[in-house]
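Here's the structure, in structure tokens; my notes come after.
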Amino acid sequence: DAKTTQPTSMDCAEGRAANLPCNHSTISGNEYVYWYRQIHSQGPQYIIHGLKNNETNEMASLIITEDRKSSTLILPHATLRDTAVYYCIVRVADANTGNQFYFGTGTSLTVIP
Amino acid sequence: DAGVTQSPTHLIKTRGQQVTLRCSPKSGHDTVSWYQQALGQGPQFIFQYYEEEERQRGNFPDRFSGHQFPNYSSELNVNALLLGDSALYLCASSLWRRSNQPQHFGDGTRLSIL
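Chains as they are written, first to last, in my numbering: chain A, 1 to 113; chain B, 1001 to 1114.
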């Protein structure tokens, strides 16, 4: 079952930073936070993941609070092609207990020209 | 470097029929997971295969079964199709021993039941 809470929808102006929040107040110490996005009619695309440190890659930055109960995905300069549903997922990275992903309903981000 | 590929891309069946969907994992991956995504919902985990065995299973009936081949590719079989089985079926691949790494998804098979 999904263990995260995300806003249903958000808007962002093109060229501005998009900040997508995620609440995961029941996260365990060995659970990672993953972000995926899904553009209509395509499969989910991996964006970034982290355990407790902030992470940055060519697509986005992930900011995890010190208590790890929430995180924020930052798209630094949103473009129209970033319009998608964004999923925040927490899971234990342990093959013995199953490393499947449990998706919620995500945040529908619309980038406005 | 080929990503996850799924076939067919679209399929139309009628109630009561059986269907087989296919998935080839990303090069270097050995684990395949299947998900069902109904319209407007997030993907729901069906099951996961590694070393040709089902390792984990979500809350899906026995009508849903799978197989993994020695080359790591996988099939999803659904028997006695119901209207409610209409969905996008997604395959994801990963590396079993690197369980903290992300799964990589294909673009799915769109199954429509008439």
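Glycine included, every Cβ here is placed at the ideal spot set by N, Cα and C.
Return the residue from the list A/111, A/46, A/52 and A/110 that minimises the CA-CA distance to residue 88 of chain A.
Against the first sequence, residue 88 of chain A aligns to sequence position 88. The residue with the shortest Cα to Cα distance from residue 88 of chain A is A/46.
So residue 1036 of chain B contacts chain A; which residues on that side make the cut at Cβ distance below 8 Å?
To locate residue 1036 of chain B, count along the second sequence from 1; it is residue 36. Result: empty, since nearest Cβ-Cβ is about 11 Å, beyond 8 Å.
Across which residues does DSSP place residue 64 of chain A in a beta bridge pair?
In the first sequence, the residue the question calls residue 64 of chain A occupies position 64. According to DSSP, which records beta bridges pairwise, residue 64 of chain A is partnered with A/71.
At a Cβ cut of 8 Å, what residues of the region 1048 to 1070 of chain B count as close to chain A, listed as they run along the chain?
Residues 1048, 1050, 1055, 1056 and 1058.
Return yes when the Cβ of residue 1066 of chain B is within less than 7 Å of the Cβ of residue 1045 of chain B, no when it is not.
Locating residue 1045 of chain B in the second sequence gives position 45, where the first residue counts as 1. Locating residue 1066 of chain B in the second sequence gives position 66, where the first residue counts as 1. Their beta carbons are not under 7 Å apart, which means residue 1045 of chain B does not touch residue 1066 of chain B by this criterion.
Which bits of chain E does residue 43 of chain A rub up against, with CB to CB less than 7 Å?
The displayed structure is made up of protein chains A and B, and chain E is not among them.
Which chain A residues are close to residue 1043 of chain B, counting only those with a beta carbon under 8 Å from its beta carbon?
Taking the second sequence and counting its residues from 1, one reaches residue 1043 of chain B at position 43. Here the neighbours are 44, 101 and 103.
Just the chain A side, please: which residues come within less than 8 Å of residue 1112 of chain B by C-beta, in chain order?
The residue labelled residue 1112 of chain B in the question sits at position 112 within the second sequence. Listed along the chain, the chain A residues whose CB falls inside 8 Å of the CB of residue 1112 of chain B amount to none; the nearest CB is some 14 Å away.
Counting C-beta neighbours from all protein chains within 10 Å, is the total for residue 81 of chain A 16 or more, i.e. buried, or is it exposed?
Mapped onto the first sequence, residue 81 of chain A falls at position 81. Within a 10 Å sphere around the beta-carbon of residue 81 of chain A sit fewer than 16 other beta-carbons, which makes this residue exposed.
Could you give the distance in angstroms between the alpha-carbon of residue 1056 of chain B and the alpha-carbon of residue 1112 of chain B?
Reading the second sequence from its first residue, position 56 is the one you call residue 1056 of chain B. Reading the second sequence from its first residue, position 112 is the one you call residue 1112 of chain B. Whole-angstrom Cα-Cα distance: 26 Å.
Quick check on DSSP: helix, strand or coil for residue 1022 of chain B?
Counted from its first residue, the second sequence places residue 1022 of chain B at position 22. Residue 1022 of chain B carries a strand assignment under DSSP once its states are collapsed to helix, strand and coil.
Minimum Cβ-Cβ distance from residue 1086 of chain B to chain A less than 7 Å
Stepping through the second sequence from its first residue, residue 1086 of chain B is reached at position 86. It does not; no Cβ of chain A falls within 7 Å.
Determine contact between the region 55 to 74 of chain A and the region 1001 to 1021 of chain B, defined as no fewer than three beta-carbon pairs at a distance below 8 Å.
No, the region 55 to 74 of chain A is not in contact with the region 1001 to 1021 of chain B.
The ligand GTP and residue 1074 of chain B: does any heavy atom of the ligand fall closer than 6 Å to the residue's C-beta?
You won't find the ligand GTP in this model; it holds no ligand whatsoever.
Pop quiz: residue 10 of chain A and residue 75 of chain A are said to be a contact at Cβ under 8 Å. What is the actual Cβ separation, rounded to whole angstroms?
In the first sequence, counting from the first residue as 1, residue 10 of chain A sits at position 10. In the first sequence, counting from the first residue as 1, residue 75 of chain A sits at position 75. Their Cβ separation, rounded to whole angstroms, is 11 Å, which puts residue 10 of chain A and residue 75 of chain A out of contact at 8 Å.
Assigned exposure category for residue 13 of chain A - 16 Cβ within 10 Å defines buried
The residue you call residue 13 of chain A lines up with position 13 of the first sequence. Counting Cβ neighbours within 10 Å, residue 13 of chain A comes out exposed, since fewer than 16 surround it.
Can you name, in chain order, every residue of its own chain whose Cβ lies under 7 Å from the Cβ of residue 1017 of chain B, other than the five neighbours on each side?
Taking the first residue of the second sequence as 1, we reach residue 1017 of chain B at position 17. Counting only Cβ-Cβ distances below 7 Å, and skipping sequence neighbours, we find 1081.
Where does residue 1097 of chain B fall in DSSP's three states?
Counting from 1 along the second sequence, the entry for residue 1097 of chain B is found at position 97. In this structure, residue 1097 of chain B counts as coil in the three-state DSSP scheme.
Among all the DSSP beta bridges, which residues are the ones paired with residue 1064 of chain B?
Residue numbering aside, residue 1064 of chain B sits at position 64 when the second sequence is read from its first letter. Note: residue 1064 of chain B sits in a beta bridge opposite B/1078.
Could you give the distance in angstroms between the alpha-carbon of residue 1091 of chain B and the alpha-carbon of residue 1028 of chain B?
The sequence position of residue 1091 of chain B within the second sequence is 91, counting from 1. The sequence position of residue 1028 of chain B within the second sequence is 28, counting from 1. Residue 1091 of chain B and residue 1028 of chain B: Cα-Cα distance of roughly 15 Å.
Beta-bridge pairing of residue 21 of chain A - partner residues as DSSP gives them:
For the purposes of this step, residue 21 of chain A is taken as the residue at position 21 of the first sequence. DSSP output for residue 21 of chain A lists A/72 as bridge partner(s).
Going along chain B in order, which residues have a C-beta closer than 7 Å to the C-beta of residue 106 of chain A?
On the first sequence, residue 106 of chain A is found 106 positions in, with the first residue counted as 1. Listed along the chain, the chain B residues whose CB falls inside 7 Å of the CB of residue 106 of chain A are 1042.
Which residue comes first and which comes last in the beta strand (DSSP E) that contains residue 83 of chain A?
Position 83 of the first sequence, counted from the first residue, corresponds to residue 83 of chain A. Premise fails: residue 83 of chain A is in no beta strand (DSSP E) and is neither H nor E.
Should residue 1076 of chain B be labelled buried (16 or more other beta-carbon atoms within 10 Å of its own) or exposed?
The residue you call residue 1076 of chain B lines up with position 76 of the second sequence. Looking at its Cβ environment, which holds 16 or more other Cβ atoms inside 10 Å, residue 1076 of chain B is buried.
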